[in-house]
Amino acid sequence: MKRNKLALSCLLMVTGFFGACTDMAEDDFQNNKYPVELMAEKADMTFTRAIGEKTSWNGGEEISLYDGVTQKLYEVSASKEMTAKNNDPLYWYTTTEEETLFAWYPASETLLTGWTVPEDQTTEEAYNQADFLYAYEKMKFRSDRKLTFRHGTVKLIINVKGDDDTVSETDLEGAVFTVRTVTKATVSEGKISPAEGVETSVMHPFVSEVRKDYVASYQMLTVPQDMSGKLFFQVELKDGRKFAHTPGNGEGILESGHQYTYNVGVGKPGLVVEVEKNSASWDGDDESVEGTDDAE
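Numbers -25 to -1, 1 to 271, taken from mature numbering (1 follows the signal peptide of the UniProt record, and there is no 0), label the letters of the sequence shown in order.
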């Protein structure tokens, strides 16, 4: 068999992978000579840690890694090194061409093509099940081999209080708060999108520690989507009154890996919703928008 050798000059790489003059044969790569060795980095998140979003590697987490042809299981250490499980790694196919690597946590036995968040996130376990991390990058054999992991879901924090006129703190006792979003997403080529043709679901968020000056606080994770012009969340009081919020055009965009905080006042003529711009990808000052009490 003819061997097309690629002569490499002496290189001292930042990663320390090459430290001497080496002759490498292209067909060596095809014959599984050079395993894929990576570091699992975490991107800066707009998420603030609360009850369970993953913000660091503890060591021992299992990650799936896919190169477009083959999928393998890796374990990440607390110092970010990714090691192939069962000594069965992926291998570089070429010395020169870019390869696309897709990784995700928690790992799965099959290729990740979608993600679904629980509709009922009232328990910490269910809330944690909604979160996942992913990395999608093009790199070469000689690249600085670091996969940057990002949150695929969106975090919502909603603080609720009455207007102390038509709705008091007592009125809010026993109120039922629900959020409506699409809970299914597709994952393709590093993009996470709401599944097509899927209606929004009534979701029950986690009841979190109450923010100062508010009566109740909630949080939940969902898939990225645009809720503009759609019923987004609703407060139903124990006396039967319902108040709902429908974002205006462009005001309901929920981006992957972002946290959105809504401060909600309940009363007539409807919900008054303030979106904290420092907690999401919004420009300008905080914005207040009035909702409607014409709830379903």
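Don't be surprised by glycine CBs; every beta carbon is placed ideally from N, CA and C.
- In this structure, Leu13 lies away from Asp42, with their beta-carbon atoms at least 8 Å apart.
- Looking at Gln200, Glu37, Val51, the one whose alpha-carbon comes closest to that of Glu84 is Glu37.
- Beyond the five residues adjoining it in sequence on each side, Phe208 comes within less than 6 Å, by CB distance, of Val154, His220 in the same chain, given in chain order.
- By the Cβ neighbour-count rule, Val44 is exposed, with fewer than 16 other Cβ atoms within 10 Å of its own.
- Annotation: the continuous alpha helix (DSSP H) that includes Asn103 extends over 99 to 104.
- For the set Phe77, Lys55, Ser203, Thr158, the Cα lying nearest the Cα of Ile228 is the one of Ser203.
- Here Asn134 is buried. Its C-beta has 16 or more other C-beta atoms within 10 Å.
- Between Gly127 and Trp67, the C-beta spacing is not below 8 Å.
- Looking at the DSSP output, Gln209 shares a beta bridge with Thr153, Ala219.
- Residue environment for Ser31: exposed (fewer than 16 other C-beta atoms within 10 angstroms of its C-beta).
- Comparing alpha carbon positions, the residue from Ser118, Val11, Glu226 closest to Lys47 is Val11.
- In the same chain as Lys205, and ignoring 5 residues on each side of it, the C-beta atoms closer than 8 Å to its own belong to Arg155, Thr175, Thr221, Pro222, Gly227, in chain order.
- Just so you know, the alpha carbons of Lys55 and Val173 end up roughly 37 Å apart.
- Across the structure, Val250 and Tyr111 are spaced so that their CA atoms are roughly 30 Å apart.
- Leu131 and Met195 do touch by the CB rule: their CB atoms are close to 5 Å apart, below 8 Å.
- By the neighbour-count definition (other C-beta atoms within 10 Å, threshold 16), Thr75 is an exposed residue.
- Going by C-alpha positions, Ala78 is about 17 Å away from Ala105.
- In summary, Gly137 is buried, with 16 or more beta-carbon neighbours lying within 10 Å of its beta-carbon over all protein chains present.
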